[in-house]
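Undergrad: In numbering that gives the first Met the number 0, the protein residues as written are 0 to 484. All C-beta atoms in this analysis are idealised placements derived from N, C-alpha and C, irrespective of residue type, glycine included. Remember, predicted model here, so these are calculated numbers, not experimental data. Sharing a structure, written as structure tokens. Questions coming.
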Amino acid sequence: MALTIFNSLGNRKEPFVPLEPGKVKLYLCGVTVYDFCHIGHARANVAFDIIVRYLRFSGNQVTFVRNFTDIDDKIINRANEQGTDYLSLSTRYIEAFYEDFDRMGLLRPDVEPKATEHIPEIITLCERLIAGGKAYPVAGDVYYSVKGFKEYGKLSGKNIDDLLSGARVDVDERKKDPLDFALWKSSKPGEPFWESPWGPGRPGWHIECSAMVMKHLGETIDIHGGGKDLVFPHHENEIAQSEAATGKPFARYWVHNGFVNVDDEKMSKSLGNFFTLREVLKVVKPEVLRFFFASSHYRSPIDYCDTNLSEAKAGLDRLYRVKEKAEGYLASGAFPCAIPPGDDFAPVRDAQTRFREAMDDDFNTAAAMGHLFDAVRAINKLATDDPKAEPWKAGAFLSGFMQLNPLFDVLGLLRLPSADYFRNETSEGAEGRMPESEILGAIEARREARGRKDYPEGDRIRKELEDSGVLLEDGKAGTTWKYKD
RNA sequence: GGCGGCAUAGCCAAGCGGUAAGGCACGGGACUGCAAAUCCCUGAUCCCCCGGUUCAAAUCCGGGUGCCGCCUCCA
0 MALTIFNSLG NRKEPFVPLE PGKVKLYLCG VTVYDFCHIG HARANVAFDI IVRYLRFSGN
60 QVTFVRNFTD IDDKIINRAN EQGTDYLSLS TRYIEAFYED FDRMGLLRPD VEPKATEHIP
120 EIITLCERLI AGGKAYPVAG DVYYSVKGFK EYGKLSGKNI DDLLSGARVD VDERKKDPLD
180 FALWKSSKPG EPFWESPWGP GRPGWHIECS AMVMKHLGET IDIHGGGKDL VFPHHENEIA
240 QSEAATGKPF ARYWVHNGFV NVDDEKMSKS LGNFFTLREV LKVVKPEVLR FFFASSHYRS
300 PIDYCDTNLS EAKAGLDRLY RVKEKAEGYL ASGAFPCAIP PGDDFAPVRD AQTRFREAMD
360 DDFNTAAAMG HLFDAVRAIN KLATDDPKAE PWKAGAFLSG FMQLNPLFDV LGLLRLPSAD
420 YFRNETSEGA EGRMPESEIL GAIEARREAR GRKDYPEGDR IRKELEDSGV LLEDGKAGTT
480 WKYKD
């Protein structure tokens, strides 16, 4: 079965056929670096991280480009507020961006262009549009002439007349038409600027993406992504500029992710109801957040709340227990061996096929995870307390896990050794924790108590540990422990 | 006002014409000194409502109702 992608351009699922077989050119709109990333950014980037991982898993050579918008009004304003300059501000938030995103296990794109490093390309593109009669300079600004592009609105489904009748189009007497948007903005005194044929100024928001796409990927790319809110006007304008300049289709597939809601309301900077990623990662493990995102389809809205997060944690814990067992079996000298025949184990044997089928259907991670859980239940049937006594079970369990592992990796899950997952991670959770030596001492004391059948004392110790956030699990090979979190 | 999306068990969530995946929570059983983990069993006679098409609809069509998003910077 072939990959099908929901294309916002046309609003329907289409078979995915890259321009060049086996090669995928993908551009994702990055962030404007004037503040910390919030969980909406995290969701978008996790969604495309999984898309890139899956495209590569399926054998494609993917060139993944994601920009930084490092110059615009918000950055300038914020820099002024903080008494700093745009460059120090954007540099600081780019550093913060990497700190947060790296913790999320997000792949670094192949190219991460910055708007300010592409001023010549942006100017050239403006000149090309002016020369073609698609844009015009006015008093140091350059505007794009929307009415000159007949297909304007084809992505967002809007038509020019409706837009004109809307009261929200800003009026600027310098524009020939209210719908026209700025490609180049002249700088006001004290603002950062770059020299241009129209005088000192800076690029408008939309043009930078067109220029960077063309420079790093070419005039037609395969996939252009971003959040749903970018459809209009940003992506609509990118199409208008780019296609007017080149006469070629700009992107073959437009992919847009749904929002993160808080209390069923869109979370956004403008509403002020947003959680920053670093704030959330103090109390939520990064992979729990990934699991949470992956458990819904990327185009659906997702509701961020404690209940949903703890459900995600419970689910991920279960997956990590499988990994924990596999690691234990490996350490005890087990080696992979054949999975027994029979329908009981079909979910493991067919895991990859089923997983791919789900992912090929517009990256249906929720369905894919369903299949993974089926497989997990199947290999858990092979779990044994004593791998040395039942080596075939441990071995079959191991090979089952090894078949699943690459699939989890596509989702970016189970990247840590299980001990790290269960024992570390959230910075806040780590504070005030009982040290390992103390835990081991208590376990030893409990072992002695249980040895002399003093169960009340044993239970007391276990309860005491639990109250301190440490869970004990007795197995044939001894007692193991993990932090509750 | 214009455009678009969604409504499935207590909660989250797949399903895209062939008779309701999966997760979490709950209950019963096995295992355990007791727990935990793991395994087994159990849960929607039905998919917001009303019509229609079809041999067959949660899935298609029409009409309601209720949420949500975009049209303004926004992942």
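Alpha carbon to alpha carbon, how far is C36 from V30?
TA: Here residue 36 is taken as the residue at index 37 of the first sequence, counted from 1. Here residue 30 is taken as the residue at index 31 of the first sequence, counted from 1. So the two alpha carbons sit approximately 8 Å from each other.
Undergrad: Taking the C-alpha atoms as reference points, what is the distance between N404 and L413?
TA: Residue 404 sits at position 405 when you count from the first residue of the first sequence. Residue 413 sits at position 414 when you count from the first residue of the first sequence. One C-alpha to the other measures close to 8 Å.
Undergrad: Nearest to F63 by alpha carbon, out of L105, N79, R11?
TA: If you number the first sequence from 1, residue 63 lands on position 64. Out of L105, N79, R11, L105 has the C-alpha closest to the C-alpha of F63.
Undergrad: Counting only runs that start and end within the segment 395-456, where is the alpha helix (DSSP H) found for 4 or more residues in a row?
TA: List check, alpha helix (DSSP H) in window: 417-422, 426-429, 435-450.
Undergrad: What separation, rounded to the nearest whole angstrom, lies between the Cα atoms of D473 and G457?
TA: In the first sequence, counting from the first residue as 1, residue 473 sits at position 474. In the first sequence, counting from the first residue as 1, residue 457 sits at position 458. Rounded to whole angstroms, D473 to G457 spans 12 Å at the Cα level.
Undergrad: Is it the case that the Cβ atoms of I74 and V16 are separated by a distance below 9 Å?
TA: Here residue 74 refers to the residue found at position 75 of the first sequence. Here residue 16 refers to the residue found at position 17 of the first sequence. Going by C-beta atoms, I74 is not nearer than 9 Å to V16.
Undergrad: So R11 is in the beta strand (DSSP E); what residue range does that whole segment cover?
TA: Residue 11 sits at position 12 when you count from the first residue of the first sequence. Unbroken beta strand (DSSP E) run through R11: 11-14.
Undergrad: Let me make sure I understand the geometry here. Which of R422, D408, G477, G468 has the alpha-carbon closest to that of R52?
TA: Taking the first sequence and counting its residues from 1, the one referred to as residue 52 is at position 53. Considering only alpha carbons, the answer is D408.
Undergrad: Do the segment 259-267 and the segment 229-246 make contact, defined as three or more Cβ pairs closer than 8 Å?
TA: They do not touch, by the three-pair rule.
Undergrad: Determine, using beta carbons only, whether F372 and A325 come nearer to each other than 9 Å.
TA: Position 373 of the first sequence, counted from the start, is the residue given in the question as residue 372. Position 326 of the first sequence, counted from the start, is the residue given in the question as residue 325. Against a cut-off of 9 Å, the Cβ pair of A325 and F372 comes out as no contact.
Undergrad: On a Cα-Cα basis, can you pick out the residue from F180, F292, S241, E437 that is closest to Y143?
TA: Position 144 of the first sequence, counted from the first residue, corresponds to residue 143. Cα-wise, what sits closest to Y143 is F180.
Undergrad: Less than 9 Å between the beta carbons of F192 and G200, yes or no?
TA: Residue mapping note: residue 192 aligns to position 193 of the first sequence, counting from 1. Residue mapping note: residue 200 aligns to position 201 of the first sequence, counting from 1. The answer is yes: Cβ separation under 9 Å.
Undergrad: Between the beta-carbon of F258 and the beta-carbon of A41, is there less than 9 Å?
TA: The sequence position of residue 258 within the first sequence is 259, counting from 1. The sequence position of residue 41 within the first sequence is 42, counting from 1. No, they are not a contact pair.
Undergrad: For A382, collect the residues of the same chain with a Cβ closer than 7 Å to its Cβ; drop the 5 residues on either side in sequence, then sort them by chain order.
TA: Start at 1 with the first residue of the first sequence, and residue 382 comes out as number 383. Result list for A382: K324, F396, in chain order.
Undergrad: Buried or exposed for P119, please, with buried defined as at least 16 other CB atoms from any protein chain shown within 10 angstroms of its CB.
TA: Translated into the one-based positions of the first sequence, residue 119 becomes position 120. When all chains shown are included, P119 counts as exposed.
Undergrad: Considering P346, what are the terminal residues of the alpha helix (DSSP H) in which it resides?
TA: Position 347 of the first sequence, counted from the start, is the residue given in the question as residue 346. It spans 345-348 - the alpha helix (DSSP H) in which P346 sits, taken as one unbroken run.
Undergrad: Do A366 and A350 have their C-beta atoms within less than 9 Å of each other?
TA: As a working note, residue 366 is residue 367 in the first sequence. As a working note, residue 350 is residue 351 in the first sequence. No, these two residues do not count as a Cβ contact at 9 Å.
Undergrad: Going by the CB atoms, is the gap between C125 and G206 shorter than 9 Å?
TA: Numbered from its first residue, the first sequence carries residue 206 at position 207. Numbered from its first residue, the first sequence carries residue 125 at position 126. The sequence shown places Ile at residue 206, rather than the Gly named in the question. It is a contact, given that the beta carbons lie within the stated cut-off.
Undergrad: Whole angstroms are fine: how far does the CA of K481 sit from the CA of F421?
TA: On the first sequence, position 422 is the one that residue 421 refers to. On the first sequence, position 482 is the one that residue 481 refers to. Near 6 Å, if we compare the C-alpha coordinates of K481 and F421.
Undergrad: Smallest Cα separation from K146: which of A138, P112, N158?
TA: Reading the first sequence from its first residue, position 147 is the one you call residue 146. The residue with the shortest Cα to Cα distance from K146 is N158.
Undergrad: Taking only the alpha-carbon atoms, compute the straight-line gap between C502 and F354 and give it to the nearest angstrom.
TA: Look at the range of the chain in this structure, 0 to 484, and you will see that residue 502 is not part of it.
Undergrad: Can you tell which of D140, D71, T219 has its C-alpha closest to the C-alpha of A244?
TA: Counting from one through the first sequence, the residue named residue 244 turns up at place 245. Measuring from the Cα of A244, the nearest candidate turns out to be T219.
Undergrad: Going residue by residue through the segment 201-250, where are the continuous alpha helix (DSSP H) segments of at least 4 residues, counting only ones entirely within it?
TA: Within the segment 201-250, the complete alpha helix (DSSP H) runs of at least 4 residues are 204-215, 235-245.
Undergrad: What is the rounded straight-line gap between the Cα of V45 and the Cα of G152?
TA: If you number the first sequence from 1, residue 45 lands on position 46. If you number the first sequence from 1, residue 152 lands on position 153. Answer to the nearest angstrom: the Cα atoms are 28 Å apart.
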